[in-house]
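Peer 1: In the order they appear, the protein sequences are chains A and B. Heads up: the first sequence runs through residues 1 to 213, numbered per the numbering used here. Heads up: the second sequence runs through residues 1001 to 1213, numbered per the numbering used here. Just so it is clear, CB atoms sit at the ideal spot from N, CA and C, and this is done for glycine as well.
2 protein chains.
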Amino acid sequence: MKFNSSLYLVTDSSLMEETDFLQRVEAALEGGVTLLQLREKQRTTREYLTLAQKVHALARRYGVPLLIDDRVDIALAMDADGVHLGQTDLPIAMARKLLGKDKLIGATAKTVAQAQEAYEQGADYLGVGAIYPTTTKVQTTLTSIQTLKEICRELPIPVNAIGGLNKENMEVLRGCGIAGICVVSAIMKAEDPKREAELLRERIESLRKGEKQ
Amino acid sequence: MKFNSSLYLVTDSSLMEETDFLQRVEAALEGGVTLLQLREKQRTTREYLTLAQKVHALARRYGVPLLIDDRVDIALAMDADGVHLGQTDLPIAMARKLLGKDKLIGATAKTVAQAQEAYEQGADYLGVGAIYPTTTKVQTTLTSIQTLKEICRELPIPVNAIGGLNKENMEVLRGCGIAGICVVSAIMKAEDPKREAELLRERIESLRKGEKQ
Chain A
1 MKFNSSLYLV
11 TDSSLMEETD
21 FLQRVEAALE
31 GGVTLLQLRE
41 KQRTTREYLT
51 LAQKVHALAR
61 RYGVPLLIDD
71 RVDIALAMDA
81 DGVHLGQTDL
91 PIAMARKLLG
101 KDKLIGATAK
111 TVAQAQEAYE
121 QGADYLGVGA
131 IYPTTTKVQT
141 TLTSIQTLKE
151 ICRELPIPVN
161 AIGGLNKENM
171 EVLRGCGIAG
181 ICVVSAIMKA
191 EDPKREAELL
201 RERIESLRKG
211 EKQ
Chain B
1001 MKFNSSLYLV
1011 TDSSLMEETD
1021 FLQRVEAALE
1031 GGVTLLQLRE
1041 KQRTTREYLT
1051 LAQKVHALAR
1061 RYGVPLLIDD
1071 RVDIALAMDA
1081 DGVHLGQTDL
1091 PIAMARKLLG
1101 KDKLIGATAK
1111 TVAQAQEAYE
1121 QGADYLGVGA
1131 IYPTTTKVQT
1141 TLTSIQTLKE
1151 ICRELPIPVN
1161 AIGGLNKENM
1171 EVLRGCGIAG
1181 ICVVSAIMKA
1191 EDPKREAELL
1201 RERIESLRKG
1211 EKQ
């Protein structure tokens, strides 16, 4: 499946009413988000499924692929476009076997070794970070710009930077060779999520000019 | 798949060292448990998977099917014998589509309507309860013996009673038409899990004498 990870929105509906959440996701899609991930840690399977179906309906309207964090069963049940897997989720090779070759599988990598392993197991892209401390994952460890650069150089798949990124602090990513950025709070907590997505999209496109594609 | 649910052990490894947990499960299998379910709510996907693989290796040695609570992806990834689904898990019809017709799917039902719906969606057996208050599911509601009897009478699939059952209080189930009982604490917290399983197995067999099969 072809995809563009330049502005990748990772969503978390906790601490928000569902209506507000869905409106923000739609505004972000209007603003130019190119890839979407639903990440829910507090919900039951049934609740996760129901929300995923609603978000999928929105994402389809904008032609944006929807990936499900962690839960291959939910992705299969609602025919999502793929999954994103962290180090505590199913091994990528197992997920690939269950999902088939046409679905997207993304992986989190904090080191070059993790990136290499994810690629060998069949990951389609990598999320690398956290670049900055983040409020959405409190216990996460940071990944240096040096490591990010090395992963981009060594791996032949798209690499996204993730972790506390916003339009004020992303200049540090210039020259790293990233395919895009993942954001959560920058858009989900923005006063105007659509405008924020537009600005982030412009910023990332300008930042990637001259990078290898 | 043929199965015997007469003594169905539902396991939960929380509050226990893994070595102790696996020893207790094996002792219970030696003692005559006929069906096994792994139910983990606190673990990450990867931890759940790893533990499930270990328990599956044990269960296979005793020819006892292993079902996974809630997580169809984990069941698929480690080729378990099936899943058990509650009202907050994937809908049974969706799980059936993902698992195929040869895997077991069990469902929790608290009412005749839930039992009927689970059967229509393709459940192979029902767990009905809680018969007694239980320490493993603190917020659960009780199901009356009257409802249990009605479900056994109306539904053509095996029905197991669940919830706070042990060898002292199970006489109430005589004449209900159950296929078996589900236990957690009665075996997992027993001083001698093997002996406890033996006694429970005898008790349930004697109690089911004269019931419809």
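Provide the residue(s) that pair with B/G1106 in DSSP beta bridges, ordered along the chain.
Peer 2: Note: B/G1106 sits in a beta bridge opposite B/H1084, B/Y1125.
Peer 1: Specify, as a first and last residue, the run of the beta strand (DSSP E) that A/G180 falls within.
Peer 2: Unbroken beta strand (DSSP E) run through A/G180: 180 to 183.
Peer 1: Give a yes or no on whether the C-beta atoms belonging to A/A123 and A/I92 are separated by under 7 Å.
Peer 2: For A/A123 and A/I92, yes; Cβs fall inside 7 Å.
Peer 1: For A/L51, tell me which candidate among A/E191, A/E30, A/D20 has the shortest Cα-Cα distance.
Peer 2: Here the closest residue by C-alpha is A/D20.
Peer 1: Have a look at B/A1179, B/E1196, B/V1010, B/L1022 and flag the residue whose alpha-carbon is nearest the alpha-carbon of B/V1083.
Peer 2: Looking at the Cα atoms, B/V1010 is the closest of the given residues.
Peer 1: Judging by CA-CA distance, which residue of B/G1164, B/S1005, B/K1167, B/G1086 is the nearest neighbour of B/K1041?
Peer 2: The residue with the shortest Cα to Cα distance from B/K1041 is B/G1086.
Peer 1: Over what stretch of residues does the alpha helix (DSSP H) that includes B/T1019 continue unbroken?
Peer 2: B/T1019 -> alpha helix (DSSP H) spans 1018 to 1031.
Peer 1: Judging by CA-CA distance, which residue of B/M1188, B/Q1116, B/E1117, B/E1205 is the nearest neighbour of B/S1013?
Peer 2: Comparing Cα-Cα distances from B/S1013 to each of B/M1188, B/Q1116, B/E1117, B/E1205, the minimum goes to B/M1188.
Peer 1: Residues of chain A with CB under 8 Å from B/L1015, in chain order?
Peer 2: None at all; the shortest Cβ gap to chain A is about 21 Å.
Peer 1: For A/V72, would you say it is in contact with chain B, using Cβ-to-Cβ distances shorter than 7 Å as the test?
Peer 2: Yes, because at least one Cβ of chain B sits closer than 7 Å to the Cβ of A/V72.
Peer 1: For A/R46, go through chain B and note every residue whose CB falls closer than 8 Å to its CB, in chain order.
Peer 2: Chain B residues near A/R46: Q1087, T1088, D1089, L1090, P1091.
Peer 1: In the DSSP assignment, find the unbroken beta strand (DSSP E) run with B/L1035 in it and report its ends.
Peer 2: 1035 to 1038 is the span of the beta strand (DSSP E), which, as asked, contains B/L1035.
Peer 1: Ordered along the chain, which non-local residues of its own chain (more than five positions away) have a Cβ less than 7 Å from that of B/N1004?
Peer 2: Around B/N1004: T1034, L1035.
Peer 1: Rounded to the nearest angstrom, what separates B/M1094 and A/A77 at their Cα positions?
Peer 2: Each residue's Cα considered, the two are about 6 Å apart.
Peer 1: Can you pull the chain A neighbours of B/M1094, defined as C-beta to C-beta under 7 Å?
Peer 2: Under the 7 Å cutoff, chain A gives A77.
Peer 1: Rounded C-beta distance between A/A80 and A/L98? I'm assuming under 8 Å.
Peer 2: Contact flag wrong, Cβ pair sits at about 12 Å.
Peer 1: What does B/L1051 reach in chain A if we use C-beta pairs closer than 7 Å?
Peer 2: The contacting residues do not exist; B/L1051 stays about 13 Å from chain A at best.
Peer 1: In this structure, does DSSP put A/D69 in helix, strand or coil?
Peer 2: If DSSP states are grouped into helix, strand and coil, A/D69 belongs with the strands.
Peer 1: Using only CA atoms, which one of B/T1147, B/T1135, B/K1167, B/P1133 lies nearest to B/L1126?
Peer 2: The candidate whose alpha carbon is nearest that of B/L1126 is B/T1147.
Peer 1: Can you pull the chain A neighbours of B/L1038, defined as C-beta to C-beta under 8 Å?
Peer 2: The contacting residues do not exist; B/L1038 stays about 15 Å from chain A at best.
Peer 1: Who are the near neighbours of B/R1039 in its chain, counting only those whose CB is closer than 7 Å to its CB and skipping five residues on each side?
Peer 2: For B/R1039, where only same-chain residues beyond five positions count, the Cβ hits under 7 Å are V1010, T1011, D1012, D1069.
Peer 1: Identify which residue in B/L1058, B/K1101, B/T1136, B/K1103 has its Cα closest to the Cα of B/A1027.
Peer 2: Answer by Cα proximity: B/L1058.
Peer 1: Pull up the CB-CB distance for B/A1161 and B/V1128, whole angstroms please, since I reckon it's below 8 Å.
Peer 2: Indeed they touch by this definition, with Cβ atoms about 6 Å apart.
Peer 1: Using a 10 Å radius around the Cβ and a threshold of 16 neighbouring Cβ atoms, would you call B/S1216 buried or exposed?
Peer 2: No answer is possible for residue 1216 of chain B: it lies beyond the span of chain B, which begins at 1001 and ends at 1213.
Peer 1: Is there a Cβ of chain A sitting closer than 7 Å to that of B/L1104, yes or no?
Peer 2: Output row for B/L1104: interface = no.
Peer 1: Could you give the residue range of the beta strand (DSSP E) that holds B/A1095?
Peer 2: B/A1095 -> not in any beta strand (DSSP E); alpha helix (DSSP H) instead, spanning 1092 to 1099.
Peer 1: Does A/L98 have its Cβ less than 7 Å from a Cβ in chain B?
Peer 2: Chain B, which has a Cβ nearer than 7 Å to the Cβ of A/L98, makes this yes.
Peer 1: Just tell me which of B/G1177, B/G1163, B/T1136, B/N1166 has its CA closest to the CA of B/P1156.
Peer 2: Checking every option, the nearest Cα to that of B/P1156 belongs to B/G1177.
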